[in-house]
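Accompanying notes for the structure given below.
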Amino acid sequence: SSTAATAAQPRAEWTGQIGFIISAIGSAVGLGNIWRFPGVAYENGGGAFLIPYIVALLTAGIPILFLDYAIGHRFRGSAPLALRRLAGRLGEGIGWFQVMICVFIAIYYTAVLAWAASYFVFSFSLPWGDDATGFFVGEYLKLSDASFTMEFVPGVLIPLVLMWLVTLVVLGAGVVKGVQRLNMIAIPLLIVGFLALVVRALMLPGAADGLNALFTPDFAALADPAVWVAAYSQIFFSLSVAFGIMMTYASYRKRRSNMTTPGLVVAFANSSFEILAGIGVFATLGFFAFQQGITVNELEGLTGVGLAFMTFPAIVAEMPGGPFFGALFFGSLTLAALTSLISILEVVFAGVIDKFGIGRKAVSYGLGGVLAVVSLLLFGTTSGLIALDTIDNWANNIGIVASAVVMSVTVLWIRRAGRELSGHLSALSTFKVGRIWLFLVSVLGPVVLGYMLIATVVKLIN
Ligand code: PHE
């Protein structure tokens, strides 16, 4: 049985607190911080967005992060195993649902990672000239001539294969020798590189206009429920909670460990990076508007694929020292995406390893190879952009929210494990995790998330 299989080998353990914290930060800091947060904040009240954002962080982000940590750490397993030990078959089902979400996300996340890595290389020669959008859609993705056919695009295929290889080699090497080692190198590099980018961006003409556009508060926006939903979604995606990730990573923490302090460090580091990214991205956009003699509100393509692969390349082409700036931006995007992708796939692989007792290398190369082929079929071909949008939308707006609600209801209302889990968290914590936490994860959380789910479904139907 799977329990026997896992008992046979001691579970891998991070080397100390720092390996865990850095790897968890690596998971949290990803595309969501760099390309999602700045635009979302800008569109949802600007400076005023920080209010719902901080409320969401304190009332749902950190409490659910603690819930993930408590389950993974106490029950020492990947999502399906830990949840089965806690809540039987239903629990295990929720765990596999989280694994499925991770499968979907991994497939498109790798594609974006591959694009970012290619653009890092392109930064040195800026091959798009003055038509960045035309280059991305036409020459790079080849969308213009063969939209819906299954024709492979070598420019995309090669970096995609390479990124899968890197990812699978890291995961195959194990939690300590692969995942932790990579994060210990990539995260410091990412922080230094991104800080350099922000400093450079702030020196550009027009930077102040960009910051004004981002931070000028529109307090009226706070009356709009959609703004609050946006804040909660941002926190969820950005902190990587309720995907099984933080649960899996926590399962590799030594038995007698303080889980709350690392949780706070990870949450604040993630939000700090996010705000830093907002500053860097909008200072750069301010420069872009200034260059064209328009205001920042007149710009388009301020989030996601548009921001990263159309707007930024166009800006880089117009900037003195553009190649250097481009390398910093795409280098950061690559590192941020790689360390997140690894955490997403670790959920999948750990789930299978724990369940079937198959070796890590076999799972990494076998199952990893299958996922890589699916991803190559979808994204090495010209239909990729549409697939990305669809998966992203489903996984994030519905999958993760549903997973969070069902998990907290099952664990806290059906299985009634709240006391046990808060006791576990409190045991070695410097502060007590008690009633307030329990209220937030078992009452407020499910209510807010349930509302979000209904709002999303209603929007889909209409
Ligand atoms: N938190 C990461 C980000 O901000 C993305 C992520 C999402 C990672 C889901 C894992 C799971 O981009």
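Residue numbering for the sequence shown follows UniProt numbering, starting at 3 and increasing by one per position. For each residue, glycine too, the CB sits at the ideal point set by N, CA and C.
Check, Outcome
"Straight-line Cα distance separating Ile-189 from Trp-16", "16 angstroms"
"Own chain residues within Cβ distance below 7 angstroms of Thr-336, not counting five before or after", "Leu-115, Ala-118, Ala-119 and Phe-122"
"Simplified DSSP state of Thr-432, which is helix, strand or coil", "coil"
"Paired residues, beta bridge with Thr-313 - DSSP", "Beta-bridge pairing links Thr-313 to no other residue."
"Assigned secondary structure, Phe-290 (DSSP; H/G/I helix, E/B strand, else coil)", "helix"
"Beta-carbon contacts of Thr-5 that lie in its chain and below 7 angstroms, excluding the five residues immediately before and after", "At Thr-5 the pLDDT is 48, less than 50, meaning the model places this residue with poor confidence and gives no usable figure here."
"Distance between Gly-32 and Pro-40 (C-alpha atoms, nearest Å)", "13 angstroms"
"Beta-carbon proximity check, Phe-239 vs Asn-398, cutoff 7 angstroms", "yes"
"Cβ distance (whole Å) where Leu-347 is taken to contact Leu-69 below 8 angstroms", "Contact flag wrong, Cβ pair sits at about 22 angstroms."
"Identified DSSP bridge partners for Thr-383", "Phe-154"
"Rounded C-alpha distance that separates Lys-363 from Ala-228", "44 angstroms"
"Segment contact flag, the stretch 242-249 with the stretch 405-413, C-beta cutoff 8 angstroms, min 3 pairs", "yes"
"Endpoints, alpha helix (DSSP H) assigned at Ser-235", "227-241"
"Contact shell at 6 angstroms, judged by CB to any heavy atom of ligand 1, ordered along the chain", "Ser-29, Ala-30, Gly-32, Leu-33, Gly-34, Asn-35, Ile-107, Phe-239, Ser-240, Ser-242, Phe-245, Ile-247, Ser-342, Ser-345 and Ile-346"
"Contiguous alpha helix (DSSP H) assignments of at least 4 residues, all confined to the stretch 398-451", "402-410, 420-429 and 437-441"
"Proximity below 7 angstroms, CB of Val-200 to CB of Gly-282", "yes"
"Thr-383 versus Gly-436: straight-line alpha-carbon distance, rounded", "51 angstroms"
"C-beta contact flag for Val-172 and Ile-23 at 7 angstroms", "no"
"Opening and closing residue of the alpha helix (DSSP H) in which Val-201 lies", "183-204"
"Between the CA atoms of Pro-322 and Arg-202 - distance to the nearest angstrom", "11 angstroms"
"Sequence-distant residues of its chain with Cβ nearer than 8 angstroms to Thr-297 (five each side left out)", "Asp-211, Ala-215 and Ala-291"
"Met-165, buried or exposed, once every other Cβ within 10 Å from all chains shown has been counted against 16", "buried"
"7 angstroms CB neighbourhood of Leu-440 in its chain, flanking five on each side removed", "Gly-420 and Ser-424"
"Environment of Leu-191 [buried if 16+ CB atoms lie within 10 Å]", "exposed"
"Whole-angstrom distance between Gly-303 and Asn-260, CA atom to CA atom", "43 angstroms"
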